[in-house]
């Protein structure tokens with residue numbers, strides 16, 4: 006048997022073992038479904054690592070948390086142990102509810118390199134709520150919330166629609182799309198990413214000091230801007246409707262579009 010033939014056999018065996026492992030892997034899902042009292046203007050703090058977060062307004066004075074926990078492991082026993090260790094902790098207190106996602110500790114690298122766990126959140130909350138939401142590997146989508154928003158992820162997109170409060174949005178590998186139906190004059194806001202574009206939709210009456218910068222991309226605006234400093238293909242500093250609170254938009258690899266609602 007020559008060397009090339011032996012190499013092909015070894016690679017075929019390795020591929021077969023990997024396929025067999027994948028076919029024997031166990032995936033489990035479990036639902037967390039709870040409702041808590043939530044007064045107008047209360048704060049929701051949510052911390053996740055792996056999974057999307059979707060938050061929508063509704064007309065009840067309570068918060069409904071629906072979370073889908075998902076784990077994958079090389080055997081049913083190991084998957085059940087991972088699921089047991091994947092915990093959602095809700096801490097209600099005066100004026101605030103905090104949701105923490107506790108992932109399994111790195112014991113034996115979660116039994117094998119093929120193990121994984123994630124939590125997908127779908128939340129209903131009063132429109133006047135304030136939010137402080139973060140995940141690492143996942144998208145964040147928020148709709149019809151009029152309170153103040155702090156939104157962050159690392160590997161994922163941020164999408165905010167029909168927002169009416171102050172908004173700060175950050176990601177690293179993903180785009181930011183924000184639609185602000187109302188802006189309180191004097192509020193400062195920041196939108197930052199590294200690898201992705203930024204689209205900001207705001208009312209024509211918005212008063213703000215704008216700063217927009219990109220490295221590998223362009224800047225486009227639907228508004229007449231009173232330039233205060235620089236206006237080039239990838240940098241803009243100026244006043245909108247006489248100026249107001251600071252709105253800062255920054256990316257490295259992506260374009261920026263400031264459009265009128």
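Numbering (the numbering used here), first residue to last: 6 to 266.
Heads up, the beta-carbon is just placed ideally off N, CA and C, and yes, glycines get one too.
Can you tell me whether residue i is buried or exposed? The criterion is at least 16 other CB atoms within 10 Å of its CB, across all chains shown.
{"i": "residue 163", "result": "buried"}
{"i": "residue 131", "result": "buried"}
{"i": "residue 135", "result": "buried"}
{"i": "residue 106", "result": "buried"}
{"i": "residue 254", "result": "buried"}
{"i": "residue 191", "result": "exposed"}
{"i": "residue 47", "result": "buried"}
{"i": "residue 38", "result": "exposed"}
{"i": "residue 174", "result": "buried"}
Take residue i as the anchor and find which of the options has the nearest alpha-carbon.
{"i": "residue 123", "options": "56, 208, 245", "result": "56"}
{"i": "residue 78", "options": "40, 88, 63, 120", "result": "120"}
{"i": "residue 36", "options": "158, 45, 74, 87", "result": "74"}
Helix, strand or coil for residue i, going by three-state DSSP, please let me know.
{"i": "residue 187", "result": "coil"}
{"i": "residue 81", "result": "helix"}
{"i": "residue 86", "result": "helix"}
{"i": "residue 266", "result": "coil"}
{"i": "residue 193", "result": "coil"}
{"i": "residue 150", "result": "coil"}
{"i": "residue 116", "result": "In this prediction, residue 116 scores a pLDDT of 46, lower than 50, which makes its location untrustworthy; no coordinate-derived value is stated."}
{"i": "residue 66", "result": "coil"}
{"i": "residue 245", "result": "strand"}
{"i": "residue 106", "result": "strand"}
{"i": "residue 234", "result": "strand"}
{"i": "residue 171", "result": "coil"}
{"i": "residue 121", "result": "strand"}
Along the chain, where does the beta strand (DSSP E) containing residue i start, and where does it finish?
{"i": "residue 31", "result": "31–42"}
{"i": "residue 134", "result": "Segment: none, residue 134 is in no beta strand (DSSP E) and carries neither H nor E."}
{"i": "residue 91", "result": "First-last for residue 91: undefined, no H or E at that position."}
{"i": "residue 250", "result": "250–255"}
Write down every uninterrupted run of the beta strand (DSSP E) in the region 195–229 whose length is 3 residues or greater and which is fully enclosed by it, in chain order.
With a minimum length of 3 residues, the continuous beta strand (DSSP E) runs that stay inside the region 195–229 are 203–207, 213–218, 224–226.
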